[in-house]
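Just below is one structure, and these are the notes that go with it.
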Ligand SMILES: Cc1ncc(C[n+]2csc(CCOP(=O)(O)OP(=O)(O)O)c2C)c(N)n1
Ligand code: SF4
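Protein chains in written order, with the numbering used here: chain A, 107 to 733; chain B, 4 to 353.
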């Protein structure tokens, strides 16, 4: 401890003349159920409205009220929207965690806190701004419950003053957040003003953090991945939705229900062109999706790890009976119940081979809210084209946090409904064999009830090309080999990886999903701080295509970066790749339940390269202005 | 069901009202044991569909896993079949029926498939009142896995190996009534007349029609001491009433005495006529039905017939408020909202 203490004393406070513009993270520590979400989103939105790239990450407990919650808002002139590990500006509202929150801050950070907590006594190397929240709230309302809820707007007001966040933008954001609730807007505005005025009258700015207007968010939207996926599902023409509530998935079907209600009613009859069933469990949810998919509907479900585990048997049925289905897995952390409100990429391996026997499933790997939207549509196409369940592997960070994006584009390609039997095809084929590989790609033709085409008997037990029950070894192996062929075909149909070949012969990075945002930042750090160029391949799907071989061949060593303990994607790569290529692979893993950040990747990569991470060459204290 | 067009029968050929011969309703050859009760039920299913003139291509036939669940392969070859996974047919049926409300769905399950592994899905199927006929081929044991007790095995019944069942049985009919099923019946595979009448009534009902059919397993559970054997069932069957079924396309010509009969009108206009056997039995009285089931069970007897019916209860499709066309057949123009919708949504996130 003493060594650190000494260092702390030495660094001390920064000169107040220093300015760190649009490059810092604000963390609000509250108790869940205290209504801080409005205040946090108003702050996030205000900075966004000032044209400054932002991202918001909520770290919340698995509990309804009374446990600690941290909300982090990152402003980044450079547009980094991944997590930043260091907190620069703390708003300490939770007495339970305040001490630890303050003790873990880096030197030079600023703290706005509830005055009675006396946090200023804890450290000498921080800037403290005590605010008497209760006193400021007294004139605003006498209703204790309202006071508690609106109190959070006071810190928004204080921050507005301290960080130079425009009050006009705050007001605009507040109105956006609260919609038409005039009374609520009025009261929140009073609290906001009270905070602002208090800060103006009592604080001299001692920290370097400021927001200055930019023009980097013009025309953009702020959205959570689950809402984006819901929009994608609706645009993909989903007709049957079956689901069972689970964090962090629930907000996907819930958003979808809202959109469907609004946009998918028959204009004449007022009746719905969709059905949503809240199933008795995830097993039933996938059962319903499989039943609907077999009957020809575009059907989906959404869940998280525990639900996926329950779905295993039906996933195998979908694979073997060849039934289209779309399953969203909004991954969370942990085996068993684990950490239900923390993020991870921990279901990759088990989902790729979900269910017993020789079974494998295509996975889509969205890394942005935009891809949640586009991949939802791709998933429905692929499910029908490949006639099998398709898993979309999102995660809590992507699904539930707020991300910037350009407005989504209206789809230009019509639905791809795959090989559906029609009179013409039937004539050409002569005879319908549901599981006959007519085209050599492993994908047979299918009929659906009521389409006037010949029926067939779908089953999870052994069957021949005619879909008749069979236990014959030759029928079985022929069928299984065709399914392998279909998986090969899938490789060509899945979205191709994004490749940036910047360091041929040197270091390559492979990542997927939300890990992408840490990679973007880490690559910049490696380049700026070490002059180290890296190449990057971002996976968008499993099974992998040819591109991955080429990428590995062109590099000396390749780091696979992911958010799980067991290097799950690397394990899948090991199965597919030649031994020579496997030898080039290294692993960087992050599995604490918090989103992976760029600095962690940089540090770990350098350490594996045999070099210590000395941090930024030009310390972040010196980053001035917006470049 | 489509309105029948009466074709002129070719001389000597037995055809139904849509011009099909019984053979059009048959399935593949059964692979179940000779004498298995399930085979007899299959035959009655074939008869019922043929007699009602339901077009086989309008039928979804589904099942779980078990000897019983194999039987959809043995009837209605032209229908759309799905032999799913053990105990989970209700969810598959729910998805399929919701996706295509025009189809007529029949599901076949076993007492293990329903009462053990599938009891959860069974419970929720009954609650939802999904329009389908749900048959439990009830032999009190697991046939396909070689004779273990199922949850409908009666207290004190004995396995071939001498093991005695010391757990109380689940009465699937009482459970279904309790859960809100709108048509609940029990019959016996060896009673072709009653079973056929019940099946036909069930097919005309809108909502879940649950039929528990005692169906002896001749290989594992048809011996002295088994309460689900042919001899026991024959001796202890207590028909509540003589069930006659009058389809909507036939006039009521059956001779019955109004003083001792009840007529229940079904959704599509057809009628069930119950001729009283023993006592005044009103199948629309839920409490009475439950009480009667309890009492007969206490006497170690099976009440057979239509035990409970609620013809006007809204089914799951009504509750969902779906468009008339099958969801599965809606094309892109109906299911992909226009650009204005997306623009409006995007605006809300600005
Ligand atoms: C998940 C799962 N567990 C166990 C089995 C094995 N199994 C197959 S059929 C069956 C019991 C069937 O009994 P029942 O439903 O009464 O039908 P019956 O064969 O008697 O007609 C069991 C346990 C299985 N197929 N799947
Ligand atoms: S084992 Fe029993 S239930 Fe199975 S087919 Fe044979 S008689 Fe029927």
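Every residue gets a Cβ at the ideal spot worked out from N, C-alpha and C, and that includes glycine.
A buried status is given to residue 499 of chain A, since no fewer than 16 other beta-carbon atoms sit within 10 Å of its beta-carbon. These are the residues, in chain order, with a beta carbon less than 5 Å from any non-hydrogen atom of ligand 2: B/35, B/36, B/39, B/70, B/146, B/220, B/221 and B/222. The region 134-142 of chain B makes contact with the region 206-214 of chain B: 3 or more CB pairs, one atom from each, lie closer than 8 Å.
For residue 327 of chain A, the C-beta contacts it makes with chain B under 9 Å involve 349, 350, 351, 352 and 353, in order along the chain. In the three-state reduction of the DSSP assignment, residue 287 of chain B falls in the coil class. Taking 7 Å as the threshold, the shortest C-beta distance from residue 91 of chain B to chain A falls below it. Think of a sphere of 7 Å around the beta carbon of residue 60 of chain B: the chain A residues whose beta carbon falls inside it are 561, in chain order. Approximately 42 Å separates the beta-carbon atoms of residue 619 of chain A and residue 532 of chain A; this is outside 8 Å, ruling out the contact. With its beta carbon at least 7 Å from every one in chain B, residue 334 of chain A lies outside the interface. Between residue 409 of chain A and residue 461 of chain A a beta carbon distance of about 15 Å is seen, past the 8 Å cut, so the two are scored as non-contacting. With a cutoff of 6 Å, residue 157 of chain A does not count as near ligand 1, since its C-beta is closer than that to no heavy atom of the ligand. Counting C-beta pairs with one atom in each stretch, the region 357-374 of chain A and the region 322-333 of chain A have three or more that are closer than 8 Å, which means they touch.
Scanning its chain for C-beta atoms nearer than 6 Å, with the 5 sequence neighbours on each side dropped, one finds around residue 380 of chain A the residues 345, 366 and 370, in chain order. DSSP places residue 154 of chain A in the uninterrupted alpha helix (DSSP H) bounded by 142-155.
Going by DSSP, residue 64 of chain B is part of the beta strand (DSSP E) stretching over 62-66. In this structure the region 182-194 of chain A touches the region 695-703 of chain A; the number of beta carbon pairs closer than 8 Å is three or more. Taken in chain order, the complete alpha helix (DSSP H) segments of 4 or more residues contained in the region 62-122 of chain B are 70-73, 92-102 and 114-118. DSSP lists A/383 as the bridge partner or partners of residue 348 of chain A. Residue 167 of chain B sits exposed, since fewer than 16 C-beta atoms from the chains shown fall within 10 Å of its C-beta.
Contact residues of the region 396-415 of chain A toward chain B are 396, 397, 398, 399, 400, 401, 402, 403, 404 and 405 (C-beta to C-beta distance below 9 Å).
Taking a cut-off of 8 Å for Cβ pairs, the region 336-349 of chain B and the region 510-517 of chain A touch, as three or more such pairs fall below it.
At a cut-off of 7 Å between beta carbons, residue 496 of chain A makes no contact with chain B.
A heavy atom of ligand 1 is found nearer than 6 Å to the CB of residue 116 of chain B. Shortest gap from the CB of residue 270 of chain B to any heavy atom of ligand 1: 6 Å or more.
When C-beta atoms of the region 127-135 of chain A are compared with those of the region 174-188 of chain A, three or more pairs fall below 8 Å, so the two segments count as touching. About 19 Å separates the CB atoms of residue 420 of chain A and residue 454 of chain A; that is not less than 8 Å, and the two are not in contact. Contact annotation: residue 588 of chain A and residue 548 of chain A have beta-carbon atoms nearer than 7 Å. For residue 342 of chain B, the uninterrupted alpha helix (DSSP H) run begins and ends at 342-351, by DSSP. For residue 510 of chain A, the three-state secondary structure derived from DSSP is strand.
Approximately 7 Å separates the beta-carbon atoms of residue 106 of chain B and residue 100 of chain B; this is inside 8 Å, confirming the contact.
The closest CA to that of residue 691 of chain A, considering only A/201, A/675 and A/697, is found on A/675. Under the three-state reduction of DSSP, residue 126 of chain B is assigned to helix. In this structure, residue 113 of chain B has its beta carbon less than 6 Å from a heavy atom of ligand 1.
For the C-beta of residue 607 of chain A, not a single chain B residue is nearer than 8 Å; the gap to the nearest is close to 34 Å. Distance from residue 268 of chain B to residue 250 of chain B at the Cβ level is roughly 12 Å; contact not present, criterion being Cβ atoms closer than 8 Å.
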